[in-house]
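Chains A and B are the protein sequences, given in the same order.
Numbers in my numbering are just positions in the first sequence, counted from 1, shifted up by 2.
Numbers in my numbering are just positions in the second sequence, counted from 1, shifted up by 13.
A quick write-up on the structure given underneath.
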Amino acid sequence: MGTRADDSGRTPTATAAGGGGPSLSATSAARGAATGSGRGRINHMPGAGTARADAINAGRHEMLTDTLRKQIKSLAERGVKRPRIGADAVCEALLAQGVDVFFGFPGGVLLPLYDVLGDYPELRHILVRHEQGAAHAADGYARASGKVGVCLATSGPGATNLVTGIGNAMLDSVPMVAITGNVVSSLLGKDAFQEIDITGITLPCTKHNYLVNDPNDIPRVFAEAFHIARTGRPGPVHIDVTKDALMGACSAEHPETLYLPGFKPKFDGHFRQIKLAAGEIARAERPVILAGHGVLISNATAELRELAEKAQIPVAHTLLGVSAMDETHPLSLGFVGMHGWKHVNRVIQSCDLLIALGMRFDDRVTGHVPTFAPYARIIHVDIDPAEIGKNVAVEVPIVGDVKRVLAALLPQIEPVSPEARAAYLGQIAEWKAESERMPWHGSGAWRDGQLSADFVVSQIGAASGHDATIVADVGQNQMWTARYAGFRRPNSHISSGGLGTMGFGLPAAMGAAVGRPDKETWAIVGDGGLQMTAQELMTLVQDNIPVKIALLDNRKLGMIRQWQELVYAGNYHSSSLLGPDWLKLAEAYGVAGFRATTPEEVDGAIAAARAIDGPALVHFVIAEEQNVFPMMPAGKGLSDLLEEQFEEPKQ
Amino acid sequence: MSPAGNPGHAPDQASHAAPDHAPHPAPTHAAHHAPAHTAPPPRALPGRGEAHRHVLVAIVLNRPGVLNRVASLMRARNFNIDTLAVSHTDQPDVSRMTITLHGDDVLVEQAAKQLYRLIDVLKVQDVTSDPTVEHEIALIKVRADERNRGEVLTLAEMYKARVVDLAAESLIVEATGTEAEVDALIALLRGFGIKELVRSGTVVMSRGAGSIEEAVKR
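Pasting the structure below:
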């Protein structure tokens, strides 16, 4: 098949003793020493069960119920003797919205804001190393916690650096408020230093955006922005504030009510459509639910499970729907699509009713639309009317919040006994057993004893008790994570689905760890993606954010290499890449580093990383040419999967 | 996988030929959506129907950038606008846009739904099949001297157009009417030589007592 283009200059089997920080001399050989001592020593900051964690939970609750906090401590109550300026209004507005932490990077036009931040000690500012990291961290924070993530950047390059993260949040419907500074309003449009038309740039990749040049507009704009970001289909809202608006005197109060006549999301599904859906479900013989991100966003996991159990309907997931249902549940199938499980794609292609909940028929899910789910009638529930009929024509559209629609639908569902579906579910179980057996390298080795990535991922899931928040980067690592980590807790899986942003993993895990300090957090990243945002290792150290990084290092842009092997006849241009000595890099940042190069070393390295009080990196030297199978080639349908040429082990 | 007694259910496409992919596992159930021995028809792709002209009215908040938002969305979503006319309404904070575009019904409905996603958009209505008054205005600078001026004036009169400027070598015709009527006049005047042409784009209003704007009035 492929050429072994290892131009890294390093032998993949090298296990030189790495060592982390000054007091750490951990290697994969330290397996015995590190195991067992881990659990009690993990100290997430702020710790689970502490007053701070409780305050975060209380804030989350308030945000979810969409009530503005009425009591905002004034400057006088804070004992600060100076006039209130726009920057104060920004801080008050953030507090009023329940923000406890945000990610930012200062700059010239933001200095008025940073000048007053010290007067608001309740606001934790995390200084990132690149603004893209701030946006991804806000994104990861929002997905892990359910709250609105907030990031902050200065004008010009700071603002443009945010854009990738804003676009990522837009395509994955993540509630985020991105704040940028801009030059004083008298210089707007004059090509001033660090001036760029950032509202023009973010317009197509935000749910809404604002340019604020009057300090008295700040309270209203921030209240609207948070409401828009988290209400209905969530999304990023960008606020561009000029320097004079931050500096000018502000007398405006924070509004009690909002006037947004053009923003009326519809939450309750139409009763007639729900009745139609109940009829379809009653008539179907081979129904399947396809659960998307919307199930998690609307917190409808309990309703999903109830529907599945009541009518004995198996549940497939989209990539972002992974973790919407405990994967050990007998009706949970796994994820669908281009790199989804074969048995799931077979179920979709043979079902007679597809119940699509909070998903948008992405091309990675449907493949070639004319051959998608050819025997199925489709019920499509989504809160965004524009998603109905956008990519796939459906029989029963229901516009509404998944949780409310399911709540209204459930009483109309006739219970179905497992026996009535025995033939159908039995067939699926057979397919499932077959597809899980095929590409699964449970021994830990892919070929010739080389470390298999799917094994590493599954061991991380098991070691963390399937309760950790696991954040993937993009590429092969993302698919292995979604397939093999074994998700049981809602929102424990975080992935860049729509935009597919390499470099997302580390900063998003940083945000997720801050958003759910009570949960262990792993970033599973490739060597390509980590080299895009590795500078945030320093942020982890400076703010003691206890992210564990599993680096799946195949010295390749693995998904690129896979496509080149399978689609471009082995023309491996630019898919081999050098990486640094990762243990030395970790050491240079002050991050504890560990390495595993064989299946036997994996558990020890994971345990050693978990035992560290703070961030840690595990360098897994995996096979270079392992592919993710099955794979649906671009332009093909879900029935046209490429599969691994699997050699039976010789007896 | 497919049970032996049930071979006819395998879809008929070449790419589906492998028996492994045969969908119907349970022959005991009546496959009521998929009759035996026929492949299912391909799933329809939205927006690939017959394209014809649609007229949309959008009521929007009169805020800076709203025209940019609408235009940017139409460009980003790959909808081709034929004409776009924007103006104030009787409410100071509300503007009205008339958009004409070509596409099938599903595509235009999708455009309207995408417009609704904009926070500044209050209402969108497809008035294509409603009884409406539809007009646009065109100013046409036509080459005309004393020899053929009379002909131009006659044509203009037949189309109820007015001459609003007169010079030795040219005149300006102001025409109002539906897009088709203006098109027809322009075609006739082209023979004389059109020096300059500007059209306002269609504006439209529903006949009868109903009002799109009243629906959004506070």
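Think of the CB as a built atom: it goes at the ideal place given N, C-alpha and C, for glycine as much as any other residue.
This structure is a prediction, so every number in the text was calculated from the model and none was measured.
Range covered by the beta strand (DSSP E) that runs through residue i
| i | result |
| --- | --- |
| Q452 of chain A | Run containing Q452 of chain A: none; DSSP gives neither H nor E here. |
| P105 of chain B | Counting along the chain, P105 of chain B falls outside any beta strand (DSSP E), and DSSP gives it neither H nor E. |
| H127 of chain A | R126 to L129 |
| G264 of chain A | Careful: G264 of chain A lies outside any beta strand (DSSP E) and carries neither H nor E. |
| G336 of chain A | S334 to F337 |
| P238 of chain A | P238 to T244 |
| I181 of chain A | M178 to N184 |
| A511 of chain A | First-last for A511 of chain A: G507 to G517, but that is the alpha helix (DSSP H), not the beta strand (DSSP E). |
| R379 of chain A | R379 to D384 |
| L619 of chain A | A618 to V623 |
Nearest-angstrom Cα separation, counted from residue j out to residue i
| i | j | result |
| --- | --- | --- |
| G40 of chain A | V150 of chain A | Any reading at G40 of chain A is ruled out, since the residue's pLDDT is 37, under 50, leaving its predicted position unreliable. |
| F622 of chain A | T244 of chain A | 46 Å |
| P519 of chain A | T535 of chain A | 22 Å |
| L159 of chain A | L189 of chain A | The amino acid at residue 159 of chain A is misidentified as Leu; the sequence shows Pro. Taking the straight line from one Cα to the other gives about 17 Å. |
| L580 of chain A | R131 of chain A | 23 Å |
| D475 of chain A | V146 of chain B | 56 Å |
| G488 of chain A | F457 of chain A | 12 Å |
| I150 of chain B | G237 of chain A | 41 Å |
| L411 of chain A | I562 of chain A | 44 Å |
| D403 of chain A | P387 of chain A | 11 Å |
| L359 of chain A | L322 of chain A | 12 Å |
| S460 of chain A | F631 of chain A | 16 Å |
| T156 of chain A | S300 of chain A | 33 Å |
| V223 of chain A | P257 of chain A | 10 Å |
| F374 of chain A | P417 of chain A | 28 Å |
| I526 of chain A | I614 of chain A | 17 Å |
| P85 of chain A | P221 of chain A | 16 Å |
| V121 of chain B | H115 of chain B | 8 Å |
| G477 of chain A | G528 of chain A | 8 Å |
| P601 of chain A | Y143 of chain A | 33 Å |
| T67 of chain A | A425 of chain A | Reliability fails at T67 of chain A, whose pLDDT of 46 lies under 50, so the model's placement of it is uncertain and the value that follows must be treated cautiously. Between T67 of chain A and A425 of chain A, the C-alpha separation is close to 44 Å. |
| V177 of chain B | S219 of chain B | 29 Å |
| I153 of chain B | D196 of chain B | 11 Å |
| D193 of chain A | K550 of chain A | 43 Å |
| Q537 of chain A | E329 of chain A | 34 Å |
| V401 of chain A | A395 of chain A | 14 Å |
| F273 of chain A | A279 of chain A | 10 Å |
| H319 of chain A | Y212 of chain A | 35 Å |
| D95 of chain B | L202 of chain B | 22 Å |
Expected contact under 8 Å - CB spacing of residue i and residue j to nearest Å
| i | j | result |
| --- | --- | --- |
| A139 of chain A | P509 of chain A | 5 Å |
| S108 of chain B | V79 of chain B | 7 Å |
| G294 of chain A | M361 of chain A | 3 Å |
| W448 of chain A | Q275 of chain A | 48 Å between Cβ atoms; not a contact. |
| D141 of chain A | V185 of chain A | Contact flag wrong, Cβ pair sits at about 27 Å. |
| A231 of chain A | K209 of chain A | 7 Å |
| M633 of chain A | L644 of chain A | 5 Å |
| D139 of chain B | L69 of chain B | 6 Å |
| P55 of chain B | P372 of chain A | 4 Å |
Best match in the options for proximity to residue i [C-alpha to C-alpha]
| i | options | result |
| --- | --- | --- |
| N75 of chain B | B:M87, B:H101 and B:L97 | B:H101 |
| G502 of chain A | A:S494, A:R485 and A:M481 | A:M481 |
| L568 of chain A | A:E94, A:P635, A:P289 and A:C207 | A:P635 |
| S494 of chain A | A:R145, A:F337, A:H345 and A:G234 | A:R145 |
| R130 of chain B | A:E389, A:R597 and A:I283 | A:E389 |
| Q196 of chain A | A:A247, A:G109, A:E522 and A:K638 | A:G109 |
| V543 of chain A | A:F104, A:L129, A:V82 and A:E94 | A:L129 |
| T111 of chain B | B:K136, B:R88, B:D118 and B:P105 | B:K136 |
| N91 of chain B | B:D103, B:Q123, B:H67 and B:S224 | B:Q123 |
Extent of the continuous alpha helix (DSSP H) to which residue i belongs
| i | result |
| --- | --- |
| I74 of chain A | No alpha helix (DSSP H) contains I74 of chain A, which DSSP labels as neither H nor E. |
| C93 of chain A | G88 to A98 |
| M534 of chain A | D529 to T535 |
| E187 of chain B | No alpha helix (DSSP H) contains E187 of chain B, which is instead part of the beta strand (DSSP E) from S183 to G190. |
| G560 of chain A | G560 to L568 |
| R423 of chain A | Element bounds for R423 of chain A: n/a, residue is neither H nor E. |
| T541 of chain A | E538 to Q544 |
| S576 of chain A | No alpha helix (DSSP H) contains S576 of chain A, which DSSP labels as neither H nor E. |
*Unbroken alpha helix (DSSP H) runs of length 4 or more, entirely within the segment 435-479 of chain A: which are they?*
Listed in chain order, they are 455-465.
* Which runs of the beta strand (DSSP E) spanning at least 3 residues fall entirely within the segment 67-140 of chain B, listed in chain order? -> Counting only runs of 3 or more, we get 94-101, 107-116 and 134-139.
If you scan the segment 188-217 of chain A from start to end, which runs of the alpha helix (DSSP H) of 4 or more residues do you find wholly inside it? Runs of the alpha helix (DSSP H) inside the segment 188-217 of chain A: 200-204.
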